[in-house]
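Here the sequence shown stands for residues 1 to 244, numbered as in full-length UniProt numbering.
Idealized CB from N, CA, C, for every residue including glycine.
Quick caveat, the model's predicted, so the values are computed rather than measured.
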Amino acid sequence: MLCPIKPLQAEDWPGWRGPRGDGTSLEPNIPTKWSQKDNIAWKVEVPGVGHASPVILGDSIFLVTCNEKTKERILLCLDRKTGQEIWRRVVIRAPLEAIHRLNSRASSTPATDGMHVYVSFLEPSGKMVPAEVVRKQSGELRADNAGLPVNPGNMCIAAYDLKGNRKWIARPGGYASVWGYCANPVVHEESVIINGDHDGEAYIVALNRRTGKTLWKVPRKNRIRSHCTPLIRKLNGKTQMIVA
1 MLCPIKPLQA
11 EDWPGWRGPR
21 GDGTSLEPNI
31 PTKWSQKDNI
41 AWKVEVPGVG
51 HASPVILGDS
61 IFLVTCNEKT
71 KERILLCLDR
81 KTGQEIWRRV
91 VIRAPLEAIH
101 RLNSRASSTP
111 ATDGMHVYVS
121 FLEPSGKMVP
131 AEVVRKQSGE
141 LRADNAGLPV
151 NPGNMCIAAY
161 DLKGNRKWIA
171 RPGGYASVWG
181 YCANPVVHEE
191 SVIINGDHDG
201 EAYIVALNRR
211 TGKTLWKVPR
221 KNRIRSHCTP
231 LIRKLNGKTQ
241 MIVA
């Protein structure tokens, strides 16, 4: 993992695409060019494989990864100034799901509300079925699925405090996708919202951020894999959630 040189008082980056969910930063003088030496504050090796973005809260960096040898899905906490590992927690240990060659088994970017860190993984059941079976069960069959393997399982969402203590773990719904898993949690007020788009019975679910209990769960009519992260905005005085 590379950490670019940043201002002393940096804006927190609490989730996917930052504090506003649009990839923008209010920080001035952010470096835009890097090399092996230029604009690099430190560099550390991350155990395992993961495509998720790191999130930043104060002097802590939170990052997820998957150790494919031990089949562990892991949450890491690093020191922002040095890259030193502060703590490591195994969220789940489960069979490895089939994935697209450009995906990973730790692709969901964590989110933090300043008190807890929320992570999202797929917990496969261990069985493998053809993709067309999943689509038939949901009432639709697409040609691009034919013959490809799927490892169905459950969406697994967990919350940890800033010292690495697990506060809760929830499995709000099933999930099966021919390309693997990615569902970034979004914190909004008292909820953690996750888009469960997949090849089967797709849904969007909101969990109580303090307990992990399901607050609401609505089906996605299109039943398609999009991996799109919900964007929450207040428009014309009304809070709205935008999902592609």
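- Rounded to whole angstroms, T82 and V44 show a C-alpha spacing of 9 angstroms.
- V178 counts as buried, since no fewer than 16 other beta carbons sit within 10 angstroms of its beta carbon.
- In the DSSP assignment, no residue is bridged to L215.
- Taking a cut-off of 8 angstroms for Cβ pairs, the region 179 to 197 and the region 115 to 130 touch, as three or more such pairs fall below it.
- Counting the other Cβ atoms within 10 Å of the Cβ of L78 gives 16 or more, which makes it buried.
- If you ignore the 5 residues before and after R166, its C-beta comes within less than 6 angstroms of the C-beta of Y160, all in its own chain and listed in chain order.
- Out of D199, Q240 and A98, the CA that lies nearest to the CA of E68 is found in A98.
- One Cα belongs to A52, the other to S107, and the distance between them is close to 4 angstroms.
- Where A159 is concerned, the enclosing beta strand (DSSP E) starts and stops at G153 to D161.
- In the three-state reduction of the DSSP assignment, A111 falls in the strand class.
- Taking C-alpha positions only, V205 is separated from T214 by approximately 7 angstroms.
- Straight through space, the alpha carbons of G48 and K238 are spaced by roughly 42 angstroms.
- Note on geometry: alpha-carbon atoms of H198 and V218 lie some 14 angstroms from one another.
- Contact holds between the region 15 to 22 and the region 228 to 236, because three or more Cβ pairs, one in each stretch, are under 8 angstroms apart.
- DSSP places A176 in the coil class of the three-state scheme, outside both helix and strand.
- Excluding the 5 residues flanking it on each side, A244 has same chain C-beta neighbours closer than 7 angstroms at S226 and C228, in chain order.
- A176 and A41 have their C-alpha atoms roughly 40 angstroms apart.
- Listed in chain order, the non-local C-beta contacts of E85 below 7 angstroms within the same chain comprise L76 and L78, local neighbours out to five positions each way being set aside.
- Bridge pairing for P124: G153 [DSSP].
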